[in-house]
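Chains as they are written, first to last, in this note's numbering: chain A, 1 to 117; chain B, 118 to 514. First the structure, in the form of structure tokens, and then the observations on it.
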């Protein structure tokens, strides 16, 4: 496996443990609810990206960022922060530039959620 | 207060984050957690609860009613409650809403840059103190004209002195005179309580002259004891605009066989700007005579660089509110740093007031501030105590 930062775990278990206090059952519940809530936000974000609706993109990326931080999905949160900032600045090109990275990272996060105990 | 007994309210629009915060509280032992999806829902639920909420954990950015409006409603309603602000916005923004929360008289336990962790929550919750039903506050003492006249005549106003210390060497450099009223019935009354009354009755200048006299006498005593430090005295608006001020103070100082440079006169920005022309005349003359001139409470008025350049100040006293909060509040720290920078560029001695902790002392040292004053060094004391205190004062290692 190449050892690039991109290959860091999409969900940082140590960060998750800090938030949960190390309670595995609680983590499990957290991740289940995260998945549910995040699906809706991501769907709204994707729709807004297609419609080039900057306000909604900014709001949804802020939400995904907040939730992502909470489960240790650091890379996902960072990408969303870039989108949020670009949205605030009204820089659509910078928003669009993150689209591919967002899709890739979401795939990684969801794949990881599927494998987590 | 046990976590199980605390009533929590979580105001957060994001379902997942709200559920997580609530879940974390339960894990910390909470048994009473109410959730609300925005400020309006939170405020409404608070109206119908039989048990008052103790701690609110509040997000800032919520559709519907946002955190700021919610805080205003609570503040204006005077609800006794503790608040934890949690947001994933920039730290400066969260800190600013924190300041706003406190300005509304709400007990701010702290702010959390998301993500909230169990530990962060636990630390802040521990800071919560149950609200004691406030004793009916004794009506603010209104001092009558007659009482003030009597106090001035009977010499009930006394000067206490708070030491100033050089940060680099820890040498005692001076002391600021603070007026206290030894009131026959109320005991020692601090200036915050009586200065407005003296201002309102037009007698504040008399106090200024009493303080100038006492300070000059104290400084002479210290020098006789071999303690070569300066004394700082606050000038009132009336004194600063009275014709002949400089001559009168010079005489008063000479009468004690002191040099003008051994006295520093402190002027607030607001006073200096009120009657600019008269004040400038007096300040220029005082400076020519050799007095030190200090701009007091820097940061609380409307001073600009331009004003600083107009007035021949020798010292810049940074207001205590910025100094005390410099560790936790980035904006205060930035203001402190830029004040120190301005002082350095204008060749003014920088004095930090309100130094109450070791952490602030260390910070000021690292930032190159010249002089510190505050409870971490010493409380105000009687003039006669200053030499003994100075002999015993040892800087933090």
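Even for Gly, the Cβ is constructed at its ideal location relative to N, Cα and C. All values reported here derive from a predicted model rather than from experimental measurement.
Report buried or exposed for residue 115 of chain A, applying the criterion of at least 16 other Cβ atoms within 10 angstroms of its Cβ. exposed
Where does residue 302 of chain B sit, in a helix, a strand or coil, going by DSSP? In the three-state reduction of the DSSP assignment, residue 302 of chain B falls in the coil class, being assigned neither a helical nor a strand state.
Please name the residue or residues paired with residue 541 of chain B in a DSSP beta bridge. In the structure as shown, chain B begins at 118 and stops at 514. Residue 541 of chain B is therefore absent and cannot be evaluated.
Establish whether the CB of residue 251 of chain B and some CB of chain A are separated by less than 8 Å. Low confidence applies to residue 251 of chain B: its pLDDT is 43, below 50, so where it sits in the model is not reliable, and the reading given next is rough at best. No, residue 251 of chain B does not count as interfacial toward chain A.
Find out if the Cβ-Cβ distance for the pair residue 431 of chain B, residue 465 of chain B is shorter than 8 Å. In terms of Cβ geometry, residue 431 of chain B and residue 465 of chain B form a close pair [threshold 8 Å].
Residue closest to residue 321 of chain B, alpha-carbon to alpha-carbon, out of B/330, B/338, B/352 and B/301: Selected option, being the one with the closest Cα: B/352.
CA-CA distance, residue 221 of chain B and residue 489 of chain B? 30 Å
On the CB-based measure, 16 or more other CB atoms within 10 Å of its CB, does residue 5 of chain A come out buried or exposed? For residue 5 of chain A, the pLDDT reaches just 47, beneath the cut-off of 50, and the residue's location in the model is therefore unreliable, although a value from the coordinates is still provided. It counts as exposed.
Are the beta-carbon atoms belonging to residue 143 of chain B and residue 153 of chain B less than 8 Å from one another? Going by C-beta atoms, residue 143 of chain B is not nearer than 8 Å to residue 153 of chain B.
Are the C-beta of residue 12 of chain A and some C-beta of chain B separated by less than 8 Å? So no, residue 12 of chain A is outside the interface.
What is the residue span of the beta strand (DSSP E) that residue 380 of chain B lies within? 380-385
Give a yes or no on whether the minimum CB-CB distance between residue 96 of chain B and chain A is below 8 Å. Any answer about residue 96 of chain B is impossible in this case: the structure gives chain B only from 118 up to 514.
Members of the segment 197-215 of chain B near chain A, C-beta cut-off 7 Å: 205
Leaving out five residues before and five after residue 305 of chain B in sequence, what residues of the same chain have Cβ atoms less than 8 Å from its Cβ? 297, 298 and 299
Unbroken beta strand (DSSP E) run spanning residue 173 of chain B, endpoints: 172-176
Where residue 279 of chain B and residue 471 of chain B are concerned, what is the direct C-alpha to C-alpha distance, given to the nearest angstrom? 11 Å
Can you list the residues of chain B that residue 62 of chain A reaches, using a CB-CB cut of under 8 Å? 178 and 205
For residue 410 of chain B and residue 366 of chain B, which I take to be in contact (beta-carbon distance under 8 Å), what is that distance rounded to the nearest angstrom? That belief does not hold up - the Cβ atoms of residue 410 of chain B and residue 366 of chain B are roughly 12 Å apart, past 8 Å.
Under a three-way DSSP split, which group does residue 186 of chain B fall into? Under the three-state reduction of DSSP, residue 186 of chain B is assigned to helix.
Residue 252 of chain B - DSSP class collapsed to helix/strand/coil: Annotation note: pLDDT 41 at residue 252 of chain B (below 50); position unreliable, no value reported.
Measure the alpha-carbon distance for residue 371 of chain B versus residue 364 of chain B and round it to whole angstroms. 10 Å
Quick check on residue 239 of chain B: does DSSP put it in helix, strand or coil? helix
Residue environment, residue 62 of chain A, which counts as buried when at least 16 other CB atoms sit within 10 Å: Counting Cβ neighbours within 10 Å, residue 62 of chain A comes out buried, since at least 16 surround it.
Could you compute how far the alpha carbon of residue 325 of chain B sits from the alpha carbon of residue 441 of chain B? 27 Å
What's the C-alpha gap between residue 346 of chain B and residue 376 of chain B? 12 Å
Helix, strand or coil: which one does DSSP assign to residue 110 of chain A? Residue 110 of chain A: helix per DSSP, three-state reduction.
State yes or no: is the C-beta of residue 294 of chain B within less than 8 Å of the C-beta of residue 349 of chain B? yes
For a cutoff of 8 Å on Cβ pairs, would you count residue 69 of chain A as touching chain B? Closer than 8 Å to some Cβ of chain B, the Cβ of residue 69 of chain A qualifies, so yes.
Do you know how far the Cα of residue 37 of chain A is from the Cα of residue 102 of chain A? 17 Å
Does DSSP classify residue 309 of chain B as helix, strand or coil? helix
Check whether the segment 167-174 of chain B touches the segment 123-142 of chain B, counting contact only when three or more Cβ pairs, one atom from each stretch, lie closer than 8 Å. yes
Could you tell me whether the Cβ of residue 156 of chain B comes closer than 8 Å to any Cβ of chain A? no
Closer than 8 Å to chain B by CB, residue 2 of chain A: Note that residue 2 of chain A scores 40 on pLDDT, short of 50, meaning its location in the model is unreliable; the coordinates nonetheless yield the value given after this. No, because no Cβ of chain B sits closer than 8 Å to the Cβ of residue 2 of chain A.
Beta strand (DSSP E) segment containing residue 351 of chain B, residue limits: 347-351
Using alpha carbons as the reference points, say which of B/237, B/281 and B/317 lies closest to residue 20 of chain A. B/237
So, at 7 Å on beta carbons, what are the nonlocal neighbours of residue 478 of chain B in its own chain, with the 5 sequence-adjacent residues on each side left out? 472, 489, 493 and 513
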